[in-house]
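Read the structure below first, then the notes.
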Amino acid sequence: MRRGTINLQDIRKFKAKPPKKRIRYKRIALICLPLIVVTALIVLFYEYAADTQPAGPVAVTKEKSTISLFIPGDNGILVEKTVEINNAGTHKERADLILGELKKAHCLPEGLLLKELVTDSDGTMYLNFSKDLVSSAATGGSFDEITTVYAIINSFLASFRDARRVQFLVDWQPVYTLHGIVYTFLPMEFNKQITEE
């Protein structure tokens, strides 16, 4: 054979079709069988779950939690009073309840509002009050200011377990002092010295 000539056998090789691939039924069966079994189990489970009924009426119990209030007593020392509340309340609702109880004890001015409260990751609770916190006239002097400040601080710290310090704010600005006696510019901690044991 010379170069450049075409052989008839070579042409037949090019025209020949490739052999058919065998279908591998075993592989297909091994893949499909587990899928069929899992699907059947899911269908049976949902049919069984649809037929079952609860054993009886389900009793829903509301969890109760308590808040601790520190109210000035007869001798001027803060006395702890616990109040049971529904656990479902938000932090703001709990805070408003604390302030309401302190107002009933005539420890806070009636017009005082807590606008917002925020606790950071360090455990400092920021209480943003209305201007009534500092604008209300101090009636009893230094002793009333001390009991007012620590009634708020001790009540909030005892009622909110994630808080370790309280920072007083008015319109998101720190308050140096309420009426010139207690320095409140920095966050303050629980005061055991002024509470009854």
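Residues in the sequence shown are numbered from 26 upward in steps of one, following this note's numbering.
Here a beta-carbon is modelled for each residue, glycine too, at the ideal position from N, C-alpha and C.
Which whole-angstrom value is the C-beta distance of Leu203 and Val159, which I expect to be below 8 Å? 6 Å
Exposed or buried, which one is Pro59 when buried takes at least 16 other CB atoms within 10 Å? exposed
Any chance you could list the beta strand (DSSP E) runs of at least 3 consecutive residues sitting entirely within the region 182-212, in chain order? 190-195
Leu283: first and last residue of the uninterrupted beta strand (DSSP E) it sits in: Residue 283 cannot be examined here, being either before or after the span of the chain that is shown, 26 to 222.
Spatial neighbours of Lys106 within its chain, please: C-beta separation below 7 Å, excluding the five flanking residues on both sides. Leu94 and Ile96
Backbone secondary structure at Ile92 - three-state DSSP: strand
Taking the beta carbon of Gln198 as the centre, do at least 16 other beta carbons fall within 10 Å, making it buried, or is it exposed? exposed
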